Amino acid sequence: MRPPEIDHSTREERETYIKATFRCKGSCESCGICAVYRGKSPEVVYQNYIEGKESFQDIAMRYRGC
């Protein structure tokens, strides 16, 4: 599932997407989400996206080192 576009979604839809996509699996060794986001929760990392201030892709690229 692709992230909802800021122009065509509500704050709640974007927040739900982040929580569903990056939910903790309880096994850090096999998941890697915490490592990718340098110990920050995805809700914190994607706060600007959730608030409609910055695109999902821009934030993701910053953390992927692109």
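Going left to right, the sequence shown walks through residues 199 to 264 as the numbering used here numbers them.
Idealized CB from N, CA, C, for every residue including glycine.
Predicted model, so just to flag it, every value in this text is computed and none were measured.
Item to complete: Quick one: residues in its chain with C-beta nearer than 8 Å to the C-beta of residue 231, no 5 flanking neighbours on either side, listed in chain order?
Response: Taking C-beta separations shorter than 8 Å and ignoring five residues to either side along the sequence, the partners of residue 231 in its chain run 220, 222, 223 and 240, following chain order.
Discussion item. Closest to residue 251 by C-alpha separation, out of 208, 199 and 228, would be which residue?
Written reply: For residue 251, the closest of 208, 199 and 228 by C-alpha to C-alpha distance is 208.
Worksheet item: Buried or exposed: residue 212, going by 16 or more other Cβ atoms within 10 Å of its Cβ?
Response: Buried: at least 16 other Cβ atoms inside 10 Å.
Worksheet entry | Beta-carbon separation (whole angstroms), residue 261 vs residue 234, contact threshold 8 Å | With a Cβ gap of about 6 Å, residue 261 and residue 234 count as contacting.
Worksheet item: DSSP three-state call for residue 235: helix, strand or coil?
Response: Coil at residue 235, not helix or strand.
Practice prompt. Assign residue 242 to buried or exposed, taking buried as 16 or more other Cβ atoms, counted over all protein chains shown, within 10 Å of its Cβ.
Written response: It is exposed - the Cβ of residue 242 has fewer than 16 other Cβ atoms within 10 Å.
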